[in-house]
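Sequential numbering of the sequence shown, starting at 439, is according to my numbering.
C-beta atoms are modelled at their ideal positions from N, C-alpha and C, and glycine is treated no differently.
Fair warning: this is a prediction, and the values are worked out from it, not measured in the lab.
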Amino acid sequence: MSEHEEHTRWMTVASALSPRLRPDASAGIVAAAKEQRDLAQRSGARLILTGDDEYPRALGAIPSPPPFLLLRGELRGEDAFALAIVGARHATPYGLEIAERLASELAARGVTILSGFARGIDTAAHRGAIAAGGRTIAVLGAGVDVVYPPENRKLVRNILEHGALVSQFPMGTPALPGHFPVRNRTIAGLTLGTIVVEAGERSGALITAGYAGELGREVFAVPGPVTSEMSRGTNRLIQDGAKLVQGWEDVVAELPETWRRCLKERATAPASAPALEADEGQLLELVGSEPVHIDGLIGRSGVSSGRTAALLLALELKGRVRQLPGQRYMRVGLS
439 MSEHEEHTRW
449 MTVASALSPR
459 LRPDASAGIV
469 AAAKEQRDLA
479 QRSGARLILT
489 GDDEYPRALG
499 AIPSPPPFLL
509 LRGELRGEDA
519 FALAIVGARH
529 ATPYGLEIAE
539 RLASELAARG
549 VTILSGFARG
559 IDTAAHRGAI
569 AAGGRTIAVL
579 GAGVDVVYPP
589 ENRKLVRNIL
599 EHGALVSQFP
609 MGTPALPGHF
619 PVRNRTIAGL
629 TLGTIVVEAG
639 ERSGALITAG
649 YAGELGREVF
659 AVPGPVTSEM
669 SRGTNRLIQD
679 GAKLVQGWED
689 VVAELPETWR
699 RCLKERATAP
709 ASAPALEADE
719 GQLLELVGSE
729 PVHIDGLIGR
739 SGVSSGRTAA
749 LLLALELKGR
759 VRQLPGQRYM
769 RVGLS
């Protein structure tokens with residue numbers, strides 16, 4: 439590809455920039471295109487236009503697909519076998535556990551898991567897919583070089599090893615509220631269906647589910663307690679005809695036979711968890727399936743605050759506990 443052709447491609451990206459993000463109002467779109475290309479090179483990002491062979495077919499089939507995607511990581515042909523798992527940012531322990539388990543079970547069978555990289559259910563879905571050694575793609579509501587939320591910086595590295603970060607916004611674009619509904623349509627367009635795990639009555643996850651229905655893709659929802667605010671949206675989706683999900687089998691049962699034949703057998707013997715030191719195991723015994731504050735663990739264990747924090751970090755790195763906002767911890771799975 440000639441230098442002129444490459445520059446013309448980047449003009450497509452520059453034309454989507456808001457004026458305040460352009461390097462100089464007087465320089466205009468030509469300078470903006472060059473800056474976008476330079477930013478992408480520094481971040482290891484790649485540009486894909488709608489006419490390119492690499493542009494995902496499922497997304498290209500929807501009305502008015504994004505004219506370009508910026509990509510970090512790798513898209514593969516097998517990523518066409520994809521499902522989205524989305525839900526509440528302020529998820530409950532129940533929702534986090536279900537999202538991670540569903541993502542893990544599906545990813546272990548060859549399904550690529552898409553989500554929006556947000557706090558809560560999205561993050562749990564990405565982690566579940568990675569833990570199973572499967573593929574996961576994060577569709578961002580910001581530039582592909584912007585880490586939002588910032589606490590997911592480590593997750594970026596893990597996703598790049600197991601899939602890709604994708605954005606329909608120019609490099610450097612901040613995470614603004616208006617970007618997320620647009621991003622949600624792209625998530626729905628990239629997948630065979632959308633699974634909603636916990637959603638309030640006005641959750642953005644319901645927007646994704648609505649787009650999935652409009653685009654002729656499957657809509658699934660995980661039921662929750664009628665007393666839970668975070669289950670009102672999912673329970674309403676089920677009332678309106680979404681497929682009720684209790685496990686991964688309920689999801690694949692709704693897929694066309696062509697896709698069901700693509701399922702892989704999950705390994706009968708999962709990889710053994712990293713061994714625990716004696717003091718790690720003792721502290722783990724004090725962590726249950728409901729969140730517990732670090733102060734409670736310090737008091738019950740009789741271990742100093744610094745040592746408790748170090749042990750919790752070790753347990754988190756070994757996949758045995760999960761840290762929640764407010765220095766609360768819960769046990770992961772059956773560990």
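Quiz item: What are the start and end residues of the beta strand (DSSP E) that includes Phe506?
Solution: Counting along the chain, the unbroken beta strand (DSSP E) around Phe506 starts and ends at Phe506 to Gly511.
Quiz prompt | At least 3 beta-carbon pairs within less than 8 Å: the stretch 688-698 vs the stretch 723-732 | solution = no
Practice problem: List the residues that DSSP assigns as beta-bridge partners of Gln761. | Solution: Tyr767
Quiz item: Leaving out five residues before and five after Gly679 in sequence, what residues of the same chain have Cβ atoms less than 6 Å from its Cβ?
Solution: none
Practice problem: Could you say if the stretch 490-499 and the stretch 577-597 meet the contact criterion of at least three C-beta pairs nearer than 8 Å? | Solution: no
Quiz prompt | Ser453: first and last residue of the uninterrupted beta strand (DSSP E) it sits in | solution = That residue, Ser453, is in no beta strand (DSSP E); it is neither H nor E in DSSP.
Exercise. State the Cα-Cα distance for the pair Ile500 and Asp733, rounded to the nearest angstrom.
Key: Rounded to the nearest whole angstrom, the C-alpha separation of Ile500 and Asp733 is 51 Å.
Quiz prompt | Residue burial classification, Asp517 (beta-carbon count within 10 angstroms, cutoff 16) | solution = Buried, by the Cβ-count rule.
Self-check item: Among Thr632, Thr629, Gln606 and Pro612, the one whose alpha carbon lies nearest that of Val620
Solution: Gln606
Self-check item: Among Phe618, Glu512 and Glu636, the one whose alpha carbon lies nearest that of Ala563
Solution: Glu636
Quiz item: Should Asp491 go down as buried or exposed, given a rule of 16 or more other Cβ atoms within 10 Å for buried?
Solution: exposed
Self-check item: 3 or more residues per run - each beta strand (DSSP E) lying fully within the stretch 630-686
Solution: 631-635 and 656-660
Quiz item: Going by the CB atoms, is the gap between Phe555 and Asn590 shorter than 8 Å?
Solution: yes
Quiz prompt | Cβ-Cβ separation, Val549 to Thr646 (assumed contact under 8 Å), whole Å | solution = Not quite, the Cβ-Cβ distance comes to about 17 Å (not below 8 Å), so this is no contact.
Exercise. State the DSSP-derived secondary structure class of Gly610, mapped to helix, strand or coil.
Key: Of the three classes helix, strand and coil, the one that applies to Gly610 here is coil, per DSSP.
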